[in-house]
Ligand code: ADP
Ligand code: MG
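In my numbering, the protein residues as written are 1 to 404.
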């Protein structure tokens with residue numbers, strides 16, 4: 001599914017109220033009964049206005065009609081959730097317009113957006129459950145019976161967790177994108193003007209870049225954290241040109257780390273495995289790509305463990321709990337993103353080609369069937385909301401306490 005914001009400008013204030021009502025109703029209902037939508041939307045015009053909005057929203061695929069034995073109703077689609085998140089970002093002045101998609105992860109879409117001043121930023125949309133169940137292995141069993149709604153819930157958790165860590169790491173001075181806003185399953189962050197390490201074929205001094213990356217990994221560990229997916233896709237490398245006094249130019253490479261939903265604590269039961277895997281991932285890449293093999297063994301988990309919180313270093317591994325996550329939420333999320341790792345082929349494919357991916361089996365066809373035409377360009381630079389609306393209401397999202 002592709003984010004197509006064209007319909008956004010045509011939605012009236014009532015339509016947004018109805019869309020919000022469907023979202024609110026989804027907290028307790030898998031399928032939101034029409035009378036409940038009417039009640040929650042509280043439109044002046046009453047039922048007929050609500051029905052008009054329902055048709056308008058269903059027509060552009062933001063909600064989907066579901067016929068059940070007991071009752072008919074509607075459910076929010078990923079498209080509807082995208083619109084609600086963008087509406088919130090637009091109302092808070094974090095996003096003014098949406099541009100091109102610059103990345104397609106296995107379970108995310110990365111878009112360039114602009115704020116009111118025209119400054120470019122990045123919108124990351126989490127889309128857990130997108131990978132086809134054909135490619136998914138054993139540990140999806142835990143998640144097998146999840147419906148679209150619960151994948152959306154997990155995507156929200158992923159965005160919340162990623163945002164919490166991005167904030168904490170940014171405050172601690174780590175080289176990460178600047179967190180700007182979060183709504184539902186999306187994050188707005190600064191755009192890093194750099195290529196992923198994966199796209200870099202040659203570096204002047206591999207040993208020095210390798211040392212920087214290992215020292216970042218150790219610095220994370222000293223704050224109680226393991227990245228958990230520390231690979232060439234999640235390390236962006238900035239090229240900083242410097243000119244010495246004698247006029248000679250040189251280029252300094254500066255890594256920036258991204259992608260945090262899978263981060264784990266140094267206290268995690270499998271911490272050592274995660275730590276070693278992150279280390280080995282970097283080693284393997286440097287050997288293969290730059291023919292560089294470090295002379296020293298390690299670094300080792302047991303040594304890193306001793307540095308956690310040393311000298312009063314702030315522990316960041318409780319960040320997520322501090323931001324309201326329950327144990328259950330963390331467990332759900334951990335199970336959902338387990339399969340992300342270790343499947344390089346999938347990721348390479350996804351990043352190299354325009355792949356619209358597939359959703360879980362619960363998704364309706366209408367959400368997948370959009371064509372791959374240059375829809376992105378048509379929305380480029382256009383404000384997301386109609387003029388009337390962009391002045392209007394601040395829309396907040398319902399709190400997330402659904403234990404699905
Ligand atoms: P996923 O969880 O799907 O792997 P990532 O956060 O790793 O998503 O982003 C996928 C790709 O999008 C990255 O490899 C990178 O190329 C690009 N990207 C993500 N965030 C940014 C950013 N802030 N600035 C520039 N490029 C980014
Ligand atoms: Mg990534």
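Ideal Cβ positions, reconstructed from N, Cα and C, are used throughout, including at glycine. Treat the numbers as computed from the prediction; the structure is a model and nothing was measured.
With 16 other CB atoms within 10 Å as the buried threshold, where does residue i fall?
| i | result |
| --- | --- |
| residue 23 | buried |
| residue 271 | buried |
| residue 117 | exposed |
| residue 232 | buried |
| residue 269 | exposed |
| residue 265 | buried |
| residue 44 | exposed |
| residue 166 | buried |
| residue 222 | buried |
| residue 240 | exposed |
| residue 88 | buried |
| residue 107 | buried |
| residue 329 | buried |
| residue 205 | exposed |
| residue 354 | The predicted model places residue 354 with a pLDDT of 36, which falls under 50 and marks its position as unreliable; any figure quoted below should be read in that light. By the 10 Å Cβ count, residue 354 comes out exposed. |
| residue 129 | buried |
| residue 291 | exposed |
| residue 75 | buried |
| residue 295 | exposed |
| residue 186 | buried |
| residue 273 | exposed |
| residue 198 | buried |
So, with DSSP's three-state summary, where would you put residue i?
| i | result |
| --- | --- |
| residue 276 | helix |
| residue 147 | coil |
| residue 239 | strand |
| residue 248 | coil |
| residue 167 | helix |
| residue 203 | coil |
| residue 152 | helix |
| residue 253 | strand |
| residue 43 | coil |
| residue 216 | helix |
| residue 294 | coil |
| residue 286 | helix |
| residue 32 | strand |
| residue 91 | helix |
| residue 50 | helix |
| residue 176 | coil |
| residue 117 | coil |
| residue 335 | helix |
| residue 318 | coil |
| residue 181 | strand |
| residue 351 | Caution applies to residue 351, whose pLDDT of 41 falls short of 50 and renders its modelled position unreliable; the model cannot decide the point. |
| residue 303 | helix |
Return the residue from the list the options that minimises the CA-CA distance to residue i.
| i | options | result |
| --- | --- | --- |
| residue 251 | 257, 56, 270 and 202 | 202 |
| residue 227 | 109, 254, 197 and 260 | 260 |
| residue 262 | 234, 288, 172 and 242 | 234 |
| residue 293 | 211, 113 and 43 | 211 |
| residue 121 | 112, 129 and 155 | 112 |
| residue 297 | 289, 309 and 283 | 283 |
| residue 157 | 295, 277, 167 and 184 | 184 |
| residue 278 | 190, 291 and 300 | 300 |
| residue 285 | 168, 98, 209 and 187 | 209 |
| residue 115 | 92, 176 and 107 | 92 |
| residue 191 | 205, 175 and 334 | 175 |
| residue 10 | 30, 78, 60 and 169 | 60 |
| residue 229 | 2, 310, 238 and 275 | 275 |
| residue 318 | 84, 168, 305 and 333 | 168 |
| residue 33 | 65, 46 and 42 | 65 |
| residue 70 | 29, 84 and 86 | 29 |
| residue 50 | 151, 21, 280 and 78 | 21 |
| residue 219 | 62, 313, 52 and 152 | 313 |
| residue 213 | 179, 258, 193 and 172 | 258 |
| residue 200 | 254, 94, 52 and 188 | 254 |
Cβ of residue i versus every heavy atom of the ligand COA: is any distance shorter than 7 Å?
| i | result |
| --- | --- |
| residue 161 | Among the ligands in the structure shown, the ligand COA does not appear; only the ligand ADP and the ligand MG can be found there. |
To which residues does DSSP link residue i through a beta bridge?
| i | result |
| --- | --- |
| residue 105 | 108 |
| residue 65 | 74 |
| residue 124 | 110 and 187 |
| residue 265 | 225 |
| residue 383 | Paired residue(s): none; residue 383 is not in a bridge. |
| residue 196 | 236 |
| residue 98 | 113 |
| residue 211 | Looking at the DSSP assignment, residue 211 forms no beta bridge with any residue, so it has no partner. |
| residue 24 | DSSP lists no partner for residue 24. |
>> Measuring CB atoms only, is the segment 34-44 touching the segment 96-115, in the sense that at least three cross pairs come out at less than 8 Å?
In response: Touching, no.
> Does the segment 322-330 come close enough to the segment 148-161 to have 3 or more Cβ pairs within less than 8 Å?
Replying inline: Yes: the two stretches touch, three or more of their Cβ pairs being nearer than 8 Å.
> Given 8 Å as the limit, is there contact between the segment 11-19 and the segment 48-59, that is, 3 or more CB pairs closer than that?
Replying inline: Contact between the segment 11-19 and the segment 48-59 is present, because at least three Cβ pairs lie under 8 Å.
> Is it true that the segment 2-9 meets the segment 23-34, where meeting means three or more beta-carbon pairs spaced less than 8 Å apart?
Replying inline: As far as the Cβ criterion goes, the segment 2-9 does not touch the segment 23-34, which means the pair count is below three.
>> Under 8 Å: do the segment 327-341 and the segment 237-255 share three or more Cβ pairs, one atom per stretch?
In response: Output reads no: the segment 237-255 does not touch the segment 327-341.
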